[in-house]
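Reading through the structure tokens given below for one structure.
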Amino acid sequence: MPSTTTHSALDVQNQRPTVHVALSRVGVAGVEKLIRVGRPGEEVPYLATLETVVDLGPHQKGAHMSRFEEVVNGAMADVVVGGEPVLRAEDLARQVAVAIRDRQGARRAEVRITARYPEDRPAPVSGIPTQEIFTLHGIAVATDAGTRTVTGVTAQGMTACPCAQEHLRDSSTTRLRAAGFDDAQIEAILEAVPVATHNQRGLGTLYLGRINEDPTRRDATVDIDARAMVRVVEQSMSSEIYELMKRSDEGSVVEKAHRNPRFVEDCVREMLRGVVEGFGGLADEAFVLARQENLETIHQHDVVAERYGTLGELRAELVGGVEPSSHTSLREWLDAAGR
């Protein structure tokens, strides 16, 4: 007679590992989901890529990978199919991080969301409608002490090299003087006609992080709007760019860029100034990262510049002239959650 005894499957993940060492990050990456982001009445579905991880103690062999997917699917159902309020990317990341930490029994969970989203805008002169694509980033860390969230954007623009332009200005001055023009006439000519230089297409990225561990913090209600961040990034470069333009638009963009030459370093510094002026309500403990990558046209390499740190570090340097001994990195700021 066959046995009727029921044997439950062994929970391998909860067994002790051969090597008793804790792991900093265990989870799933490259998960693609449809999310809905935007203000009420303006929400739009986007295809997003998620990475969800937790820490793993030294006495547990593995994380329950299926639980990551279950939590993500539940959150997606709430904001895409259900009647839950529309969330921003960082809010969705926080919701998923809190739920994953609970389901995995972890001390800490981290979620990263990246999505590409469109924005319709008119070309600068003709006014014809054009659709621009930007990248939205949302990061959240959940601990028993609360959460930290990061809102991020990546936008493109155009830069004009100041160094080559100054060289051409000098050579043009010499040629005009040799042609019989006096200094006043030369100055008027160079002011009326933008001096040529080489250009780059720039990729600017801006992150703003907020501590959510105490809901009574004075900056808890400060609006970190991704569209406002995009404007800060675009305005840090020599000119905005547009996917669809008429000739009049092209001329306007090129002239604007050449009248506003900037190094890659200038772009980062302009972003930082834009943060201090535009998001002044954030606390000193808030996090800032500004990064610019320019794709060179006359070189085979590209150029990058970056600054990160707390808003307090940045304010002390911009307002008080106090240079910090070190800059707090994104990893350090996120890992400080709950300490």
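Heads up, the sequence shown is in this note's numbering, so the first residue is 1082 and it goes up one at a time.
All residues carry an ideal CB built from backbone N, CA and C; glycine is no exception.
Everything numeric in this text was worked out from a predicted model, so none of it was measured.
{"Query": "VAL1162 (DSSP reduced to helix, strand or coil)", "Result": "The predicted position of VAL1162 is uncertain, since its pLDDT is 48 and thus under 50; no value can be drawn from it."}
{"Query": "C-beta contact flag for GLU1324 and GLN1212 at 9 Å", "Result": "yes"}
{"Query": "Start-to-end residues for the beta strand (DSSP E) that takes in HIS1218", "Result": "1210 to 1224"}
{"Query": "Contacting residues, own chain, Cβ-Cβ under 8 Å from PHE1262 (five flanking each side not counted)", "Result": "ILE1270"}
{"Query": "Residues of its chain near LEU1376, where Cβ-Cβ distance is below 6 Å and the 5 sequence neighbours each way are ignored", "Result": "GLN1281, ARG1282 and ASP1383"}
{"Query": "Helix, strand or coil at PHE1344 [DSSP, three-state]", "Result": "coil"}
{"Query": "Residues near GLY1402 in its chain [Cβ-Cβ closer than 6 Å; skip 5 each side]", "Result": "none"}
{"Query": "Option in ARG1312, ASN1154 and ALA1170 with minimal Cα separation from GLN1237", "Result": "ARG1312"}
{"Query": "Sequence-distant residues of its chain with Cβ nearer than 6 Å to ILE1379 (five each side left out)", "Result": "HIS1279"}
{"Query": "GLU1351 burial status per 10 Å Cβ neighbour count (16 or more: buried)", "Result": "buried"}
{"Query": "Alpha-carbon to alpha-carbon, TYR1127 and ARG1196", "Result": "A small fix is needed here, since residue 1196 is Ala in this sequence, not Arg. Using only the alpha carbons, I get a separation of about 6 Å."}
{"Query": "Cut-off 7 Å between Cβ atoms - residues of its own chain near VAL1179, not counting five sequence neighbours on either side", "Result": "ALA1223 and THR1228"}
{"Query": "DSSP beta-bridge partners of THR1228", "Result": "ALA1223"}
{"Query": "Unbroken alpha helix (DSSP H) run spanning PRO1243, endpoints", "Result": "1243 to 1259"}
{"Query": "Beta-carbon proximity check, VAL1192 vs ALA1174, cutoff 9 Å", "Result": "yes"}
{"Query": "Per-residue DSSP class, three states only, for LYS1337", "Result": "helix"}
{"Query": "Local Cβ density within 10 Å of GLY1208, reported as buried at 16 or more and exposed below that", "Result": "exposed"}
{"Query": "Beta carbon proximity, GLU1200 to chain B, threshold 9 Å", "Result": "In the displayed structure, chain B is absent; only one protein chain is listed."}
{"Query": "Beta-carbon gap between ILE1267 and LEU1289 smaller than 9 Å", "Result": "no"}
{"Query": "Simplified DSSP assignment, three categories, for GLN1373", "Result": "strand"}
{"Query": "Integer-rounded CB distance, given that ILE1194 should sit under 8 Å from LEU1131", "Result": "5 Å"}
{"Query": "Residue environment, CYS1244, which counts as buried when at least 16 other CB atoms sit within 10 Å", "Result": "exposed"}
{"Query": "Element boundaries [alpha helix (DSSP H), containing VAL1400]", "Result": "1392 to 1401"}
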